[in-house]
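Trainee: Below: one structure in structure tokens.
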Amino acid sequence: MEKRKLIDFVLALLAVIFVIVTVLAALYYAPLEPLDVSTVLYHQDDYTGDDIRVKGVVQDLSGTEFALEDITSAVFIDVSYADSGDLDAGIVNGTTVYVLGRLEPDVGIAAREVEIADDPDEPAGWRSPYSAKIFYFHVPAAWTSFLAFGVVLVCSAAYLWKGGQKWDTWALSSAEVGLVFCSVAVISGALWAKAEWGYYWDWNDTKLFSTFVLWLIFIAYVAIRAGAVRHESIPRVAAIFGILGFAAVPISFLSSRIWTSLHPNVVATSQGHLSAEAGAVLMLGVVAFTLVYATLFSRRTAIERSVIEIEGIKEQLEDAE
Amino acid sequence: MTLDALRIAQKDISIELRTRERMTSTILLSLVIILSFRFALFGFDMELSENPHLVAPILWTTIFFAGIMGLESSFSYEKENKYLDGLLLLPTSRYSIYLGKMLANLLFLIVVDLVTLVFVVAFFAYEPGGAFVTLLGVILLGTFSFVAMGTLVSGMTIAAKTRQSLLQIALIPLIVFTVVIPAVAATSKIVSGSGDVMPELNILVGFGILSLLLAYLLFGHIMED
Amino acid sequence: MGEDEDSGPVAIETRNLTKRFGPKTAIRNLNLKIQHSRITALFGPNGAGKTTLIRILSTLSSPTSGRVFVKGMDISNNGREVRGRIGVVLHDPLLYDDLSAAENLRFYCRMFGSPDSRVDELLDLFGLRHRKNDRIGVLSSGMVKRLSIARAMIHDPEILIFDEPFSSLDSDSIAKTMSLIGQLRDGGKTVLLATHHLREGYQVGERLLVMKKGRVVYDARKAETGADEFESAYDELTGAGS
Amino acid sequence: MIGVEQFYWAYLVIWAGIVLYVLYLTHRQNRIKREIDLLKEVMESGGK
Numbered sequence: 000m001e002k003r004k005l006i007d008f009v010l011a012l013l014a015v016i017f018v019i020v021t022v023l024a025a026l027y028y029a030p031l032e033p034l035d036v037s038t039v040l041y042h043q044d045d046y047t048g049d050d051i052r053v054k055g056v057v058q059d060l061s062g063t064e065f066a067l068e069d070i071t072s073a074v075f076i077d078v079s080y081a082d083s084g085d086l087d088a089g090i091v092n093g094t095t096v097y098v099l100g101r102l103e104p105d106v107g108i109a110a111r112e113v114e115i116a117d118d119p120d121e122p123a124g125w126r127s128p129y130s131a132k133i134f135y136f137h138v139p140a141a142w143t144s145f146l147a148f149g150v151v152l153v154c155s156a157a158y159l160w161k162g163g164q165k166w167d168t169w170a171l172s173s174a175e176v177g178l179v180f181c182s183v184a185v186i187s188g189a190l191w192a193k194a195e196w197g198y199y200w201d202w203n204d205t206k207l208f209s210t211f212v213l214w215l216i217f218i219a220y221v222a223i224r225a226g227a228v229r230h231e232s233i234p235r236v237a238a239i240f241g242i243l244g245f246a247a248v249p250i251s252f253l254s255s256r257i258w259t260s261l262h263p264n265v266v267a268t269s270q271g272h273l274s275a276e277a278g279a280v281l282m283l284g285v286v287a288f289t290l291v292y293a294t295l296f297s298r299r300t301a302i303e304r305s306v307i308e309i310e311g312i313k314e315q316l317e318d319a320e
Numbered sequence: 000m001t002l003d004a005l006r007i008a009q010k011d012i013s014i015e016l017r018t019r020e021r022m023t024s025t026i027l028l029s030l031v032i033i034l035s036f037r038f039a040l041f042g043f044d045m046e047l048s049e050n051p052h053l054v055a056p057i058l059w060t061t062i063f064f065a066g067i068m069g070l071e072s073s074f075s076y077e078k079e080n081k082y083l084d085g086l087l088l089l090p091t092s093r094y095s096i097y098l099g100k101m102l103a104n105l106l107f108l109i110v111v112d113l114v115t116l117v118f119v120v121a122f123f124a125y126e127p128g129g130a131f132v133t134l135l136g137v138i139l140l141g142t143f144s145f146v147a148m149g150t151l152v153s154g155m156t157i158a159a160k161t162r163q164s165l166l167q168i169a170l171i172p173l174i175v176f177t178v179v180i181p182a183v184a185a186t187s188k189i190v191s192g193s194g195d196v197m198p199e200l201n202i203l204v205g206f207g208i209l210s211l212l213l214a215y216l217l218f219g220h221i222m223e224d
Numbered sequence: 000m001g002e003d004e005d006s007g008p009v010a011i012e013t014r015n016l017t018k019r020f021g022p023k024t025a026i027r028n029l030n031l032k033i034q035h036s037r038i039t040a041l042f043g044p045n046g047a048g049k050t051t052l053i054r055i056l057s058t059l060s061s062p063t064s065g066r067v068f069v070k071g072m073d074i075s076n077n078g079r080e081v082r083g084r085i086g087v088v089l090h091d092p093l094l095y096d097d098l099s100a101a102e103n104l105r106f107y108c109r110m111f112g113s114p115d116s117r118v119d120e121l122l123d124l125f126g127l128r129h130r131k132n133d134r135i136g137v138l139s140s141g142m143v144k145r146l147s148i149a150r151a152m153i154h155d156p157e158i159l160i161f162d163e164p165f166s167s168l169d170s171d172s173i174a175k176t177m178s179l180i181g182q183l184r185d186g187g188k189t190v191l192l193a194t195h196h197l198r199e200g201y202q203v204g205e206r207l208l209v210m211k212k213g214r215v216v217y218d219a220r221k222a223e224t225g226a227d228e229f230e231s232a233y234d235e236l237t238g239a240g241s
Numbered sequence: 000m001i002g003v004e005q006f007y008w009a010y011l012v013i014w015a016g017i018v019l020y021v022l023y024l025t026h027r028q029n030r031i032k033r034e035i036d037l038l039k040e041v042m043e044s045g046g047k
């Protein structure tokens, strides 16, 4: 009993520490700094398939030189052309390049992906680059919800296979906590979409749609369990539903990769890879959210155990009568 | 197994013919929905002959609403009146019970579909013309797919013994992608006379068969106390 | 748990049967053998686990652990066969209010694979032929009870299980039901009945079992136990009447 | 388009949601603890 409390405490402490570190890192370590290009000293475009790779050396307003090396598509730039002219030029005088991570003069911005808009009227890069930092919370939240629903799948299967109260308790707890994280992912995504796309939700987007369905499924799961009389058939039905519902997780995860989707693919695709800084902060976020999940999960199971204890006591009382 | 399922379906149908409760209330609901659409669109001076793509949402909104209402009473009729144990005591597999219920629901909903189609044709002066057979095919397949999963989930929510009915909340996320969108998309294509509906039909048939398979695997588990 | 010393062929056997509903234990590690061609009466206060036991024996409910054999068949693997061998009369009549007596019986008759002539046979046996075309909803509760027994006997099962056969019946119907149960036993059927009607249960039963909190706490043969002796033992065990 | 500073609301929304959930869990836990204590009291006093 005491050991469990100690583990809970350590988990909660770690979660809080990691969350604070992530927030600070997202805000300060991986800032998006605008680099207002005043002069393009050297500039070269290479076409590889659909991508434009840009190399160049530019000066900002203060005259400091920055090397832009091997800039590929995707992630973090607002291209506001001073004079919309030569599209192929990519970077021209007056371009504002938002760079993820610290700007280090002279060292350059090597390997930091910057997207060059194809059309100045419809920039394909981030319209609202600061909002893109929600990425450090949105992705870990989505990942944690997938993890949580994975736990629901495993525990539900184990419950059907072997039986045993604890599997059911774990599945229920994981579903509820996972729903919280799924809500965070959906809401943060919608806020970001408003900033970036100009509207909260796009119903034609398969990624958004499938995640929404996933969200609905686990709302249904929690609703089936909520307030229901404790009876053996409910855990069994819920377990079956949890297994069916998990089918939406791979659909949600893969949808933007299988079908065309507005949703950016940043992690683990050929479309873009993260810079070392962004990757590090993202990993930090994933660890922090997983720890928060573990803490909440442990608390939720404790509540469920107490509920069962209460029912046990009540039964004892009835027996004593 | 099939014979048992047919007998259970026949029992449901003869009860329905006796009481006509389900059919009357569902068809009335269908009428109300269609009339609401009619007056809403009439207010905007819209005619279906000019906007044939409106047929799809009107038709399927009605069918899904009426269908959920019908599915809900399918098992709750047995449960609330405490007949369910009688079915479970029959020397047949649980899957036959599912199949029987599914067939009765399917037949019931097909009647509602046809009546709704008549309403749409009558109130909106919509003429399917040559597309009639394909339209009917899509409606039947959509209904089949909907009923196959709906009967399974209906059994589930009844077995869960929750106080309020959770059929809608549990069913809708499962059918949005798999039934609602393909059915509406295919109907839109047919009424506007453009596009190939085979991909949608494949999804509907595939999901219907998948539901039957899932029911085969799960229905025994669901119905056990 | 007292084993019955006169062992005949066993119709129903439970081995380490346990049933839990969440934290509640309805049946605790029950080992029970029910002999063939005999009337076993199961008594016990509410919540003793009688109904749960009957639901498990009739495959409506599955055990949490342990096994149950009906005529040597494990019910968890042979649900269909077991259901074909047993007739179950539950508290609810399991007859559709909206269908007539004959229609109800015909439905069950076909489902159990018995010939349709069995319907009239049973209606005659239970004296309900004149009401065969009436809806169940308009019949008296005594008639419905008799019909529900007819429903359970539609496939002429070897084992009959009754849950509270005497409740909500007038004394005349109770007497009829009791004599019917006696006839069944004389016809070589195995009968298990769960009831809290002590007197009636004692009268028809040959073996008397008392359950309390999921356990069998009393097991005796009627031939060796007087009615008063049984009643006082029951009161003492269950704490009733205090 | 939402401005840069305004967008920090989004982070607040996320964390506020999680904190609210933690508060809800704590509330439930406390309520259950009270109930357990009460039941135990009843059991000790009424256990004849």
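Protein chains in written order, with numbering that gives the first Met the number 0: chain X, 0 to 320; chain H, 0 to 224; chain W, 0 to 241; chain D, 0 to 47.
We treat Cβ as the ideally placed atom computed from N, Cα and C, and that holds for glycine.
1) Just to confirm the assignment, what range does the alpha helix (DSSP H) spanning methionine 177 of chain W have?
2) Taking any Cβ of chain X, which residues in the stretch 168-189 of chain H have a Cβ under 9 Å from it, in chain order?
3) For leucine 215 of chain X, which of helix, strand or coil comes out of DSSP?
4) For glycine 163 of chain X, count neighbouring Cβ atoms within 10 angstroms of its own Cβ and tell me buried if that reaches 16, exposed if not.
5) Can you give me the Cβ contacts of glycine 194 of chain H inside the same chain, cut-off strictly under 8 Å, excluding the 5 residues immediately before and after it?
6) State the start and end residues of the unbroken alpha helix (DSSP H) segment that holds tyrosine 94 of chain H.
7) Quick one, which of H/Phe36, H/Ile7, H/Thr60, H/Pro56 has its alpha-carbon nearest serine 225 of chain H's?
8) Within a Cβ cutoff of 7 Å, which residues of the same chain sit near leucine 127 of chain W, ignoring the five residues on either side of it in sequence?
9) When DSSP builds the beta bridges, which residues end up paired with alanine 226 of chain W?
10) With the cut-off set at 7 Å, would you say phenylalanine 125 of chain W and alanine 149 of chain W are in Cβ contact?
11) Does arginine 101 of chain X have its Cβ less than 7 Å from a Cβ in chain W?
12) Going along chain W in order, which residues have a C-beta closer than 7 Å to the C-beta of glutamate 1 of chain X?
13) Quick check on threonine 13 of chain W: does DSSP put it in helix, strand or coil?
14) From what residue to what residue does the beta strand (DSSP E) around tyrosine 107 of chain W run?
15) Select from X/Val22, X/Leu159, X/Lys2 the residue whose C-alpha is nearest the C-alpha of valine 285 of chain X.
16) Just verifying my parser: in three-state terms, what is the DSSP assignment at asparagine 203 of chain X?
17) Would phenylalanine 288 of chain X pass as an interface residue toward chain D - the criterion being a Cβ-Cβ separation below 7 Å?
18) What is the C-beta distance between arginine 105 of chain W and aspartate 115 of chain W, in whole angstroms, given that I count them as a contact (C-beta under 8 Å)?
19) Give me, in chain order, the residues of the same chain whose beta-carbon lies closer than 7 Å to that of alanine 157 of chain X; leave out the 5 immediate sequence neighbours on both sides.
20) Check the Cβ of methionine 110 of chain W against every Cβ in chain H and list those closer than 8 Å, keeping chain order.
21) If the cut is a Cβ gap below 7 Å, which residues of chain H does valine 87 of chain W touch?
22) What residues in the stretch 161-173 of chain X have a beta carbon less than 7 Å from any beta carbon of chain D?
23) Please state whether DSSP places threonine 58 of chain W in a helix, a strand or coil.
24) Please identify, using Cβ separations under 9 Å, the residues of the stretch 32-65 of chain W that lie next to chain X, in order along the chain.
25) Tell me whether the stretch 202-220 of chain H and the stretch 6-25 of chain W touch, counting them as touching only if at least three CB pairs, one residue from each stretch, are closer than 8 Å.
26) Quick test of your reading: lysine 70 of chain W and methionine 210 of chain W, contact by CB under 8 Å. State the CB separation rounded to the nearest angstrom.
27) Quick one: is leucine 217 of chain H near chain X, going by C-beta distance under 7 Å?
28) Short of 7 Å Cβ to Cβ, which residues in the stretch 290-319 of chain X face chain W?
29) Using a Cβ-Cβ distance under 7 Å, would leucine 24 of chain D count as near chain X?
30) Distance check for valine 18 of chain D and methionine 282 of chain X, CA to CA, integer angstroms please.
31) Starting from methionine 210 of chain W, trace the beta strand (DSSP E) both ways and give me its first and last residue.
32) Determine the extent of the alpha helix (DSSP H) in which alanine 151 of chain W is found, giving its start and end residues.
33) Using CA coordinates, which residue listed in X/Glu64, X/Ile218, X/Phe252 is at the minimum distance from alanine 241 of chain X?
34) Spell out whether any CB of chain X is found under 7 Å from the CB atom of methionine 155 of chain H.
35) In whole angstroms, give me the CA-to-CA distance for leucine 10 of chain X and phenylalanine 148 of chain X.
36) Please say whether leucine 183 of chain W and valine 190 of chain W have beta carbons closer to each other than 7 Å?
Mentor: Walking through what the data contain:
1) Segment 170-185, the alpha helix (DSSP H) holding methionine 177 of chain W.
2) Within the stretch 168-189 of chain H, the residues whose Cβ lies closer than 9 Å to some Cβ of chain X are Ile168, Ala169, Leu170, Ile171, Pro172, Leu173, Val175, Phe176, Ile180, listed in chain order.
3) In this structure, leucine 215 of chain X counts as helix in the three-state DSSP scheme.
4) Label assigned to glycine 163 of chain X: exposed.
5) Non-local C-beta neighbours of glycine 194 of chain H in its own chain, meaning closer than 8 Å and more than five positions away in sequence, comprise Lys188, ordered along the chain.
6) Tyrosine 94 of chain H -> alpha helix (DSSP H) spans 93-123.
7) Examination of residue 225 of chain H is not possible in this model, given that chain H is present from 0 through 224 alone.
8) Leaving aside the five residues that flank leucine 127 of chain W on each side, the residues in its chain whose CB is nearer than 7 Å to its CB run, in chain order, Ala100, Met142, Arg145, Leu146.
9) Bridge partners of alanine 226 of chain W: none, in fact.
10) In this structure, alanine 149 of chain W lies closer than 7 Å to phenylalanine 125 of chain W by Cβ.
11) Below a pLDDT of 50, predicted positions are generally treated as unreliable, and arginine 101 of chain X, at 40, falls in that range; no measurement from the model is reported.
12) Chain order gives no chain W residues near glutamate 1 of chain X, where near means a beta carbon separation below 7 Å; the closest approach is about 24 Å.
13) Strand.
14) No beta strand (DSSP E) holds tyrosine 107 of chain W; the alpha helix (DSSP H) holding it covers 100-110.
15) The alpha carbon of valine 285 of chain X has as its nearest neighbour, out of X/Val22, X/Leu159, X/Lys2, the alpha carbon of X/Val22.
16) Asparagine 203 of chain X sits in coil when the DSSP states are folded into three classes, being neither helix nor strand.
17) In terms of beta-carbon proximity, phenylalanine 288 of chain X stays away from the interface with chain D, with every pair separated by 7 Å or more.
18) Correct: roughly 6 Å between the Cβ atoms.
19) The beta carbon of alanine 157 of chain X lies closer than 7 Å to those of Trp166 in the same chain, with the five residues before and after it left out.
20) Here the neighbours are Asp3, Arg6, Ile7, Leu89, Pro90, Thr91.
21) Think of a sphere of 7 Å around the beta carbon of valine 87 of chain W: the chain H residues whose beta carbon falls inside it are Leu88, in chain order.
22) For the stretch 161-173 of chain X, the set of positions with a beta-carbon nearer than 7 Å to some beta-carbon of chain D is empty.
23) In this structure, threonine 58 of chain W counts as coil in the three-state DSSP scheme.
24) Result list: Gly46, Ser60, Ser61, Thr63, Ser64.
25) Because the criterion of three Cβ pairs below 8 Å is not met, the stretch 202-220 of chain H and the stretch 6-25 of chain W do not touch.
26) Actually they are not in contact, since the Cβ atoms of lysine 70 of chain W and methionine 210 of chain W sit about 23 Å apart, beyond 8 Å.
27) Yes, leucine 217 of chain H lies at the interface with chain X (some Cβ there is under 7 Å from its Cβ).
28) Across the stretch 290-319 of chain X, CB contacts with chain W closer than 7 Å involve Ile307, Glu310, Gly311, Glu314, Asp318, in sequence order along the chain.
29) When Cβ-Cβ separations below 7 Å define contact, leucine 24 of chain D makes contact with chain X.
30) The alpha-carbon atoms of methionine 282 of chain X and valine 18 of chain D are separated by roughly 22 Å.
31) Start and end: 206-211.
32) Its alpha helix (DSSP H) spans residues 140-151.
33) Per the sequence shown, the amino acid found at residue 241 of chain X is glycine instead of alanine. X/Ile218 is the residue among X/Glu64, X/Ile218, X/Phe252 whose C-alpha sits nearest the C-alpha of glycine 241 of chain X.
34) It does; some Cβ of chain X falls within 7 Å.
35) About 20 Å.
36) It is a contact, given that the beta carbons lie within the stated cut-off.
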